[in-house]
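Numbering that gives the first Met the number 0 applies: residue 0 is where the sequence shown begins, and numbers increase by one.
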Amino acid sequence: MRGALSASACLAAATCLPAGCALTEVAVAVPDDVIVAEVQVVLTLAPDTDEVTLTALALLHRTHRPQGAPSLSGAVVEVSAGPRRVVRLWQQRNLAGCIARDPLSPHVVTRHTRQAVCYRVEVTPAPFTAGEKLSLRITAPDGGVLTGVSRLPGVFTLVGLEHEGGRCRLDPGTNHRFRWTQARNVWTHVAGARFEGIAGPLARRGISAPDTVYLLGLATGRQDTAVVFSRDFGVVNDFFSRRSETRKIIRELRKGLPDGSSATVAIAAADRNWVNWTWARGAMNPSGWVRIPSVFGGGTGVFATATRRQVWVNSSGNGEDGLPLCGPAEP
């Protein structure tokens, strides 16, 4: 078996030892060194204007780095929509631009190593529009070329939301159901929230918490166009957390925003490539998740795209902030 000694071969060798058999030398093959490119393009749609911001990031790393393998520093990473609209991603000094990036974006980066290199760019106004077909081209330092294609999900609109410039309020300890229209080319919806100013309110309840916490909402299918904030947020975080104190924070926040705190809520429509790489539903095996790549040529990986909208929510029971209620409270 290439790359490993099979179980049957091991058993044969073990049973042979008492009889004094001679062991046959087995050569173990070194696994191939393959470049992995995890690339994400997100269009953020402004709430009251036609302004769109493009955020693109690419994390390049290897499946196996043998001694003397060329560095991935100095690659040329470009995303385009035709020959005249080309955006180049720029190499970052460290991995923060890819790993500690905006946690409200759909997540496609799944791993990193010390040898990983981050490329990133942010452009306003965006040179691309929702629904367009984008092409990825990466030229590695050794001359290898990786390519990929993705179609951006279309525009969607938040329904029944009362706001001023993307800002609204909720009564403390209440929930609100965010709804939105169906976008074209969407394969799943992803929600995320950044909770801020929670340390003081939770301390008064006997819970020690950082002032800022990020929670994921339930990822839904393409037909699901609603999520309850903040009841539907933190379910996944709670499931995977091993710290009881962290789980207390999550469960408390799911009851609703504490008085005086705020949150940025993001809803994203993600493409098929994102789903295939991140979820790969039904593709579990004993070795782990089977990821379906969308980057080909001189390597493998994912080229995922998404469109998103964001709402800033303040928790205020007296309305002194002057913001309108986001909408009716969810029972």
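Note that the Cβ used here is the ideal one computed from N, Cα and C, for glycine as well.
contact_flag[the region 141 to 157, the region 229 to 240] where n(CB pairs < 8 Å) is 3 or more: No, because fewer than three Cβ pairs between the region 141 to 157 and the region 229 to 240 fall closer than 8 Å, the two stretches do not touch.
Close-in-space but distant-in-sequence residues of the same chain around Ser104 (CB under 6 Å, 5 per side omitted): Around Ser104: Val41.
Start-end ranges of the beta strand (DSSP E) lying completely within the region 220 to 275, minimum 3 residues: Those beta strand (DSSP E) runs which fall completely within the region 220 to 275 and span 3+ residues are 225 to 228 and 261 to 269.
Range covered by the beta strand (DSSP E) that runs through Gly191: Residues Thr187 to Glu195.
Length of the line joining the Cα atoms of Cys20 and Gly142: Residue confidence is low: Cys20 scores 49 on pLDDT, short of 50, so the model does not pin down where it sits. No coordinate-derived value is stated.
Residue burial classification, Gly298 (beta-carbon count within 10 angstroms, cutoff 16): By the Cβ-count criterion, Gly298 is buried, with 16 or more other Cβ atoms from all chains shown falling within 10 Å of its own Cβ.
Secondary structure of Thr277, DSSP reduced to three states: Thr277: helix per DSSP, three-state reduction.
Own chain residues within Cβ distance below 8 Å of Pro323, not counting five before or after: The residues are Glu161, His162, Glu163, Cys167 and Arg168.
Proximity winner among Glu244, Thr263, Pro209 and Ala129, relative to Asp101 (alpha-carbon distances): Comparing C-alpha distances from Asp101 to each of Glu244, Thr263, Pro209 and Ala129 shows the shortest one belongs to Thr263.
Where Ala198 sits in the DSSP three-state scheme: Helix at Ala198.
Stretch pair the region 68 to 77 + the region 181 to 201: three plus CB contacts closer than 8 Å: No contact exists between the region 68 to 77 and the region 181 to 201.
Proximal residues to Val122 (C-beta, below 6 Å), its chain only, five neighbours per side dropped: For Val122, where only same-chain residues beyond five positions count, the Cβ hits under 6 Å are Leu53.
Assumed close pair Gly255, Asn174 - CB separation to whole angstroms, cut-off 8 Å: Sure, about 6 Å apart at Cβ, within 8 Å.
Reference Asn315; option with closest CA among Leu252, Pro126 and Pro257: A quick correction: the sequence has Ser, not Asn, at residue 315. When only C-alpha atoms are compared, the closest one is Pro257.
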